[in-house]
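Report on one structure; see the data block that follows.
Okay, here's the thing in structure tokens:
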């Protein structure tokens with residue numbers, strides 16, 4: 001039978017298991033933490049957005065097919081006359097009705113994607129209108145979906161060098177997001 005731990009070791013164990021973040025430092029949605037006067041745009045280009053609604057209205061329904069449906073968005077594949085494909089991401093009506101903050105969030109996303117077009121590590125956006133955005137098409141989906149599919153189908157885990165390459169590309173994308181990409 002093992003001896004009961006002493007009070008000193010119990011105290012040490014409690015100290016070692018204190019949470020890294022205290023409740024007053026943790027906010028479930030980090031966006032909420034920076035809303036209001038504390039968050040100010042760094043550049044004038046962050047205050048505007050060029051909508052391209054006419055381009056969206058020119059899309060023919062027969063050129064559209066559903067890729068996937070998520071909790072609040074739907075992703076559609078749009079085929080162009082030259083055979084290339086794009087992705088139209090749109091908010092579902094039931095999730096967007098009466099939520100005016102969504103328009104501002106979508107505008108910010110569109111402005112950021114447009115400003116980071118020069119980055120090979122960030123997906124390009126070709127158009128934006130209200131709660132919809134037209135982006136480049138990735139036939140393999142995103143990296144998380146590829147890893148998950150390989151594991152579910154009994155595929156091998158990623159090689160260390162491939163993990164390093166993916167990590168590097170993600171870091172480059174984050175660096176491009178934080179750089180003065182709009183000039």
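Residue numbers (full-length UniProt numbering): 1 to 183.
Don't be surprised by glycine CBs; every beta carbon is placed ideally from N, CA and C.
Cβ pair residue i, residue j closer than 8 Å
{"i": "residue 115", "j": "residue 45", "result": "yes"}
{"i": "residue 205", "j": "residue 121", "result": "One cannot answer for residue 205 here, as it falls past the ends of the chain, which runs 1 to 183."}
{"i": "residue 78", "j": "residue 72", "result": "no"}
{"i": "residue 89", "j": "residue 135", "result": "yes"}
{"i": "residue 51", "j": "residue 129", "result": "yes"}
{"i": "residue 131", "j": "residue 158", "result": "no"}
{"i": "residue 111", "j": "residue 143", "result": "no"}
Which listed residue (the options) has its alpha carbon closest to that of residue i
{"i": "residue 127", "options": "160, 138, 70, 57", "result": "57"}
{"i": "residue 63", "options": "83, 166, 120, 154", "result": "83"}
{"i": "residue 74", "options": "133, 48, 59", "result": "133"}
{"i": "residue 175", "options": "55, 76, 161, 119", "result": "119"}
{"i": "residue 67", "options": "160, 148, 87", "result": "87"}
Three-way DSSP call (helix, strand, coil) for residue i in this model
{"i": "residue 127", "result": "strand"}
{"i": "residue 68", "result": "strand"}
{"i": "residue 91", "result": "strand"}
DSSP bridge partner residues for residue i (one or two, in chain order)
{"i": "residue 136", "result": "86"}
{"i": "residue 74", "result": "69, 90"}
{"i": "residue 79", "result": "85"}
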